[in-house]
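Single-structure report; data block below.
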């Protein structure tokens, strides 16, 4: 095959790919992502289903067509930055250029709106950006000081830079991005230390709580039996090969009872407690912290006794942690569980620090803190050390957290 023939073939493939992407975006914007089938996109682009899937392996990928460009741009921003420009300055400038270009383009604004109002696309966008995390982290590590914890700090910094759980403000992306990067460069200034506590520390109860009654004990036993059955089956055969009917039968209960205890479904079966209780506990950790303690220190101490940070976990806890770590869907569920505290925890911190309710620095701080458990699941290091290093990063900024 001649070079000219190869060139024509590649140009034809590129035109077909672009035609598919254009047809998909037009249909999704007009009808909504969930109301359009892949078959509809193929027909609009005048290609076969097999031809469409050669270019786009999933429905979500039809919306995103710049993944390779994103990674190349991120790596180049760090590796090819001008002398005297810090890593964070280079990454801020790269992200700012993308954000400003997007908010100035009506088509890009429409695209961002589609992603923001479609949960499946929001999750896909987050995962797409985070695919670049490991390579960006390595570039950051090489560019920073060679110090203990450097790899952990670099991985966390890459995650925080790439975190797209919430879009930038369309009317003023510069202010949002500058605030986010200022936090990563300098750390949280802990203004709450200068303000009287919004809520005093909770007094120790004068009498012990009443022990649970028979009904409560029975409910707790049923819930535990369901969790034990799920863990046993997931560990033996893998999460994807086990159904909720089999779990219910193994636990000696009905599917209706299983969903009564775990309304969020299969992914929630291995997690103790509820999301609402986790949110309440996080908020209380901030409001009831010890005198003189910063909110970051309080959240660090709260997390130290939870999930992957539990020292010397019991065998059942260890098995649950191993299953979660090995199962992307469970990791996503855990991440969403922590993320459910975003707004309540931000409100608690702004109250304690006497900041405006819409303070961006507090919102960014909370977003980053709530990512720490997931980072601990993927970073190959002692989880408590990971918690300590990332907390130091948020307290002092990068690279100051490695040189202090």
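In UniProt numbering, the protein residues as written are 1 to 404.
Glycine included, C-beta positions come from ideal geometry on N, C-alpha and C.
Keep in mind the model is a prediction, meaning the values are calculated, not measured.
Check whether the stretch 349-363 and the stretch 262-272 are in contact - that is, three or more C-beta pairs closer than 8 Å. no
Any chain B beta carbon closer than 8 Å to residue 40: Among the chains of the structure shown, chain B does not appear; only one protein chain is present.
Proximal residues to residue 333 (C-beta, below 8 Å), its chain only, five neighbours per side dropped: 264, 267, 268 and 271
Residue 132 lies in the alpha helix (DSSP H); which residues open and close that run? In the DSSP assignment, residue 132 falls outside any alpha helix (DSSP H), carrying neither H nor E.
If I measure Cβ to Cβ from residue 78 and keep anything under 8 Å in the same chain, skipping five residues before and after, which residues do I get? 87, 90, 91, 136, 139, 140 and 143, listed in sequence order.
For the alpha helix (DSSP H) that contains residue 50, what are its first and last residues? 49-55
Alpha-carbon to alpha-carbon, residue 300 and residue 388: About 8 Å.
In whole angstroms, what is the alpha-carbon distance linking residue 76 and residue 98? 14 Å
What separation, rounded to the nearest whole angstrom, lies between the Cα atoms of residue 412 and residue 321? As shown, the chain starts at 1 and ends at 404. That puts residue 412 outside it, with no answer to give.
List in chain order: all unbroken alpha helix (DSSP H) runs of 4+ residues lying wholly within the stretch 292-333. 295-303 and 315-326
For the stretch 99-110 and the stretch 170-181, state whether three or more C-beta atom pairs, one from each stretch, are separated by less than 8 Å. yes
Given a cut-off of 8 Å, decide if residue 375 and residue 390 are closer than it, judged by their beta-carbon atoms. yes
Quick check on residue 474: buried or exposed, where buried means 16 or more other Cβ atoms within 10 Å of its Cβ? Here the chain covers residues 1 to 404 and nothing more, so residue 474 does not appear.
Going by beta-carbon coordinates alone, are residue 393 and residue 153 separated by less than 8 Å? yes
Name the residue from 346, 54, 327 and 306 whose alpha carbon lies nearest to the alpha carbon of residue 360. 346
Test item: CB-CB of residue 342 and residue 367 under 8 Å: yes
According to the Cβ coordinates, are residue 27 and residue 41 closer than 8 Å? Closer than 8 Å, so yes.
Identity of the residue in 377, 338 and 216 nearest residue 278 by Cα: 338
Please state whether the Cβ-Cβ distance between residue 38 and residue 121 is less than 8 Å. no
Could you tell me the alpha carbon to alpha carbon distance between residue 395 and residue 184, rounded to whole angstroms? 9 Å
Helix, strand or coil: how does DSSP classify residue 119 here? helix
Taking a contact to mean a Cβ-Cβ separation below 8 Å, would you say residue 325 touches residue 284 in this structure? Not in contact: residue 325 and residue 284 (Cβ atoms no closer than 8 Å).
Quick one, which of 400, 379 and 397 has its alpha-carbon nearest residue 134's? 379
Alpha helix (DSSP H) segment containing residue 173, residue limits: 173-186
Which term fits residue 226, buried or exposed, when burial requires 16 or more other beta carbons within 10 angstroms of its beta carbon? Buried, since its Cβ has 16 or more Cβ neighbours within 10 Å.
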